[in-house]
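Asker: Dropping the structure in here first, questions after.
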Amino acid sequence: MSASPAYSEEKGGSSSLGEPEYGHDPASGGIFSSDYKRHDDLKEMLDSNKDSLKLEAMKRIVAMIARGKNASDLFPAVVKNVACKNIEVKKLVYVYLVRYAEEQQDLALLSISTFQRGLKDPNQLIRASALRVLSSIRVPIIVPIMMLAIKEAASDMSPYVRKTAAHAIPKLYSLDSDQKDQLIEVIEKLLADKTTLVAGSVVMAFEEVCPERIDLIHKNYRKLCNLLIDVEEWGQVVIINMLTRYARTQFLSPNQNESLLEENPEKAFYGSDEEDSKDDKPDAASLVKRKPYVMDPDHRLLLRNTKPLLQSRNAAVVMAVAQLYFHLAPKAEVGVIAKALVRLLRSHSEVQWVVLQNVATMSIKRRGMFEPYLKSFYIRSTDPTQIKILKLEVLTNLANETNISTILREFQTYIRSMDKDFVAATIQAIGRCATNIGKVRDTCLNGLVQLLSNRDELVVAESVVVIKKLLQMQPSQHSEIIKHMAKLTDNIQVPMARASILWLIGEYCEHVPKIAPDVLRKMSKSFTGEEDIVKLQVINLAAKLYLTNSKQSKLLTQYVLNLAKYDQNYDIRDRARFIRQLIVPTEKSGALNKYAKKLFLAQKPAPILESSFKDRDHFQLGSLSHLLNAKAVGYQELPDWPDEAPDPSVRNVEVPEWTKCTSREKRKEKVEKPFYSDSEGESGPTESADSDPESVSESESESSSSSSESGSDSGSRGEESGDQSEEEEEEKKKKKKGKEGPRKEQEQVKKGKKKPPQDEGKGGSESSWEEGSVSESSSSESDSGSEAEESQSEPESKRRTTPPSSKPAPKASRKGTKEISLLDLDDFTPVPPQPASSPAVVSTSLVTDLEGLTLTNASLAPTMLSPVFSTMKTYELLHRMAGEGLSVEYYFNRQPFPPDPHMVAVQIQFSNNTESEVKNLRVSEPKLVSGMRIQEFQEIESLAPGDTASVIMGIDFCDSTQAANFQLCTHSRQFYVSIQPPVGELMAPVFMSENEFKKEQSKLTGMSEITEKLTLLDKCQSDHTIVQRVTAAANVSRVPCGADNEYRFAAKTVTSGSLILITLEQKEAARAHLTVNSEKMVIGTMLVQDISQALAQ
């Protein structure tokens, strides 16, 4: 028997970890189970040399943790595998260590050198996991190591690792607050990060470590406002809350000079009497001296950039924007949040409860905001009680003379509910409506009196309590109601209701002189059996009757006081002793006896029935403190508005000298109009937020730096591809060969399109465009970054400064010797794209690259290819009905755009279907998302009736599928149009060998890998069809592959040059496995959807 404790202990340990669980009784059969020693099996698997066994063991352990089982005894066996070379095993080991590093600190410290090595791992997920584990070891001795790790991670190339560094900062601060100064330096560095992945996390670290350092936000304020729309949802919540507090310290109150802002007719509608009275306090002289309020452009920028987030799917984001508008926006603009908050009432009951708490507070101050949505607050029978009570609160707050009849009809229905707490709250709500709206007071009283005959005792009791409060306002007019209530003392048993009736009779005993003594007689009979609250009121009633009608009630009063003298409750005994001395004069009683009548029968003010949410608005809406109506730990008070506006120049960002060149200055001059449209109804001076030269130059410096980076990336190609003279000879040979073919094709186009005959030079323009791109790429590869920038901006500046000539096309075509750029041609008709079945055209840049190609590591840089054309999809930009006869179509021609390789080339075709000439066709007022750029086409001076013209414009979409909005102008009209790219058009094909493909693919795993299982249709089984469908969906090139059932494609994004690798593997029974590897996870996900859709059609 001595072995039994050890047995049960071991058995219990295994059952707590393994599945299934077994009883401790040996007779339960657990001892004979094959799973009895499961943990020993796991330890053996973890100690084995096979990665597959280790991976299986780790999966089972992580599954146990996910189910809430305790796996801490496996820590030594798991921590040994932290140095495993298999990445999948290593990831799971780090997941385990993050969970248990804090509990098993001594064992974790033994592996700290391995974690430090993990910080240098080439895989970003391993680096991030190592830092996460390191920051989870809560031992002060490793603080310096953590500090170094965080500083290194803050400078990491991967935004995911930088995000993890931001998460580690609060952990280190809570471990050792003396590191605050060094951590603030890291926070300052991370705040300057321009990636959306990092923004939310670093602001959270800022809030935890140094929320008082507002100066760190100044330079990053505009960037945070512009990035806000793209940040992850929980990051948005943190940033919005921080910016709310920032705005309260840096901008003036938009509602300060309400007396001077009478232009807005809706001011009184949204305002409340209370706020108006506060604002009216300053005397007239001070208001005259005060300048009219003009909103700071940065204040407007914040309001404008947060407004779209009201449509977010995340309730927390909507709530954060709603509180920002409530605390920061002018009264006339706060109304926009009402619709969004009402939408949230369709969510889960937990979300509804939080939203209704905030709506209840808002509806006190801004009643008019929610009045149009009154029906949204009507109560459903399926609502939980707490939701019903909050909706009642809101309905009562919204009640006014116009809608009170509707609301009271609703309340009548609610009283029939089976939910007693809800019925009680409804009766209280009726009482509040009667108090606030004088004209319905009698109606409410009569309704409540009718409820006194209800069968339900709780309804009657609550009605009595509310009637008592209402009668205090006009007691003389309602003596009949008091008499009616006196008769109820025989039936009502609820203590609070009985006490309320006794108080009413005692207070207004002069109005019912015959009934009051009889009620006292009845109550004295049952005194000993009553509740304490009722006994106290019986004593009070006896005292008041003794003072007003001592003849009838003297003996009764003495009897009641004698009963109370020997009561078990000391409160009642004390009260009886006190009242006896006060009302019955004796030799010992002092001067107070004279004032007994004044003490007991003094005029009492009527109670004011107020909302319980009235004083909650001093807490920031949406916060836990507001929800609890008490200050929670870590809550930061919302600052008051400043009396004078702080200096706005602190938010200006200095532009580095090297980014300032002539072409950029010209571009700045062009961007004079505001970034957003006037449709939001803002005043003139408040719209210049985004037209700041700093913000423009900042986005341009980003694009220029990315272009110089791509130039340096492709530098290895330029070195390999022979001398410049050899390139020129190759190009001349290509020109001679390529002139005849395009010329014939163009003659056919001319016949079809009714174009005037054109020269050879125009016929060969396609090849010359290719050559132009080749020469430009070679020059950008050989030159330094800044020189490449100047050379790229040169044609742009020329095109803008030279005035358009009357006949530019013929002039350009006559110069046969000179190289023709398509930007100089007004009415260039493109050669129709070739079908996918034709062999891919290899550009001259590829030929030169292939000549110098070697099989060394230097050749691993991917090489750009001319696109593989499939049938181009045409999109409608302007319908001829909307364009009054002018129709415009566009397609993505998948050619490089010579002036700027980071732009997508868009071919636009104009058709004049009117009988009159269309003049001055041009692009105007582009309204672009931050960072997006447009290279406009040269103005078309005239387009004859029945004619068509084709031009090319370049758009830098910043690797995003957001639309580029601009105006298409003629001499007489303006049309608002937008071009939205499919995700497949944001990339350009690249040439790679199979080995290069595999090497790059191995770097892009984990979060950078998106997979999808497909079922291929019968018509989509052949090689030709699959390749055609994939290349139609995305601008990619095929990569050679040894396997028959596998297809590989490669491309890189036009703006940032991020690699996109596509693998399609055919399985049995028409199934297929699609994998996309890319750093751009959003693009990868959308691309998987598009390719899946293309293969399923």
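Residue 346 in this note's numbering is what sits at position 346 of the sequence shown, and the numbering runs on without skipping anything. By construction, the Cβ of each residue, glycine as well, lies at the ideal position given by its N, Cα and C atoms.
I'd like to know whether the C-beta atoms of Leu110 and Val79 end up nearer to each other than 9 Å.
Answerer: Cβ distance < 9 Å, so Leu110 and Val79 count as in contact.
Asker: Please state if the CB of Leu621 and the CB of Met362 are separated by a distance shorter than 9 Å.
Answerer: In this structure, Leu621 lies closer than 9 Å to Met362 by Cβ.
Asker: To the nearest angstrom, report how far apart Ser1002 and Asn358 are at their CA atoms.
Answerer: Cα to Cα, the separation comes out at about 50 Å.
Asker: If Leu986 and Asp959 are in contact, beta carbons under 8 Å, what's the gap, nearest whole angstrom?
Answerer: Right, their Cβ atoms sit about 6 Å apart.
Asker: Go to Thr244, then tell me how far its alpha helix (DSSP H) extends in each direction, as first and last residue.
Answerer: Where Thr244 is concerned, the enclosing alpha helix (DSSP H) stretches over 233-250.
Asker: Please give the ranges of any beta strand (DSSP E) in the segment 484-562, keeping only runs that are unbroken, at least 3 residues long and fully inside the region.
Answerer: Runs found: none.
Asker: By the 10 Å Cβ neighbour count, where 16 or more other Cβ atoms means buried, how is Val294 classified, buried or exposed?
Answerer: Classification for Val294: exposed.
Asker: Can you name, in chain order, every residue of its own chain whose Cβ lies under 8 Å from the Cβ of Phe957, other than the five neighbours on each side?
Answerer: These residues qualify, in order along the chain: Val904, Met932, Ala964, Pro981, Leu986, Val1054, Thr1055.
Asker: According to DSSP, is Thr306 helix, strand or coil?
Answerer: In this structure, Thr306 counts as helix in the three-state DSSP scheme.
Asker: Which of the three DSSP states is assigned to Ile415 in this structure?
Answerer: In this structure, Ile415 counts as coil in the three-state DSSP scheme.
Asker: With H, G and I counted as helix, E and B as strand and the rest as coil, what does DSSP make of Asp193?
Answerer: Asp193 falls in the coil class under three-state DSSP.
Asker: Determine, using beta carbons only, whether Pro495 and Glu457 come nearer to each other than 9 Å.
Answerer: For Pro495 and Glu457, no; Cβs fall outside 9 Å.
Asker: For Cys894, report the span of its beta strand (DSSP E) as first-last.
Answerer: The question names Cys, but residue 894 is Arg in the sequence shown. Looking at the DSSP string, the run of the beta strand (DSSP E) that includes Arg894 is 886-896.
Asker: Please confirm whether Ala77 and Asp47 have their CB atoms less than 9 Å apart.
Answerer: In this structure, Asp47 lies closer than 9 Å to Ala77 by Cβ.
Asker: Is Asp567 closer than 9 Å to Arg248 when the C-beta atoms are compared?
Answerer: Against a cut-off of 9 Å, the Cβ pair of Asp567 and Arg248 comes out as no contact.
Asker: Where Met485 and Leu609 are concerned, what is the direct C-alpha to C-alpha distance, given to the nearest angstrom?
Answerer: About 21 Å.
Asker: Out of Ala1094, Ala199, Gln412, point me to the one whose CA is closest to Cys1020's CA.
Answerer: Checking every option, the nearest Cα to that of Cys1020 belongs to Ala1094.
Asker: What does the alpha-carbon distance come out to for the pair Glu669 and Leu886?
Answerer: Per-residue confidence for Glu669 stands at a pLDDT of 47, beneath the threshold of 50, marking its modelled position as unreliable; no derived number is given.
Asker: CB Arg304 to CB Lys331, shorter than 9 Å?
Answerer: Contact: no.
Asker: Tell me the DSSP bridge mates of Ile908?
Answerer: Ile908 is bridged to Tyr890, Val951.
Asker: Helix, strand or coil for Ser8, going by three-state DSSP, please let me know.
Answerer: With a pLDDT of only 40 at Ser8, under the threshold of 50, the placement of this residue in the model should not be trusted, and no figure is reported.
Asker: Applying the criterion that 16 or more other CB atoms from any shown protein chain within 10 Å of the CB defines a buried residue, is Glu1079 buried or exposed?
Answerer: Counting Cβ neighbours within 10 Å, Glu1079 comes out buried, since at least 16 surround it.
Asker: Use the C-beta contact count for Met45: other C-beta atoms within 10 angstroms, 16 or more gives buried, fewer gives exposed.
Answerer: With 16 or more other Cβ atoms within 10 Å, it is buried.
Asker: Leaving aside the five residues before and after Ile481 along the sequence, list all residues of the same chain whose C-beta is less than 8 Å from its C-beta, in chain order.
Answerer: If we look at Ile481 and ignore the five residues flanking it on each side, its Cβ neighbours are Leu445, Val449, Ile467, Leu471.
Asker: If contact is defined by three or more beta carbon pairs under 8 Å, each pair taking one atom from either stretch, is the segment 621-634 in contact with the segment 191-199?
Answerer: With the cut-off at 8 Å, the segment 191-199 and the segment 621-634 do not touch.
Asker: Could you pull out every residue in the same chain whose Cβ sits closer than 8 Å to the Cβ of Glu917, ignoring the five residues on either side in sequence?
Answerer: Correct list, in chain order: Ser942, Leu943, Ala944, Pro945.
Asker: What does the Cβ neighbour count give for Tyr976, buried or exposed, with the cut at 16 atoms within 10 Å?
Answerer: Exposed is the call here.
Asker: Of all the options Leu1061, Thr406, His1024, Lys1013, which has the alpha carbon lying nearest to the alpha carbon of Asn995?
Answerer: Of the listed residues, the one whose Cα sits closest to Asn995 is Leu1061.
Asker: Which runs of the alpha helix (DSSP H) at least 4 residues long sit entirely within the segment 602-645? Give them in chain order.
Answerer: Complete alpha helix (DSSP H) runs here, min 4: 624-628.
Asker: DSSP three-state call for Ile979: helix, strand or coil?
Answerer: In the structure shown, Ile979 sits in a strand (DSSP, three-state: E or B).
Asker: Quick check: the Cα distance between Gln962 and Gly984, rounded to an integer number of angstroms?
Answerer: Straight-line Cα distance between these residues: approximately 13 Å.
Asker: Helix, strand or coil for Thr970 per DSSP?
Answerer: Thr970: coil per DSSP, three-state reduction.
Asker: Quick check: the segment 968-975 against the segment 1027-1044, are there 3 or more CB pairs under 8 Å?
Answerer: No: the two stretches stay apart, fewer than three of their Cβ pairs being nearer than 8 Å.
Asker: Where Ile404 and Ser253 are concerned, what is the direct C-alpha to C-alpha distance, given to the nearest angstrom?
Answerer: Roughly 34 Å between the two C-alpha positions.
Asker: Just to confirm my understanding: we take Leu197, look at its own chain, exclude 5 residues before and 5 after, and list those with CB closer than 6 Å. What are they?
Answerer: Same-chain partners within the cutoff: Pro159, Lys163.
Asker: Compare the beta carbon distance of Pro646 and Gln250 with 9 Å and say whether it is the shorter of the two.
Answerer: Closer than 9 Å, so yes.
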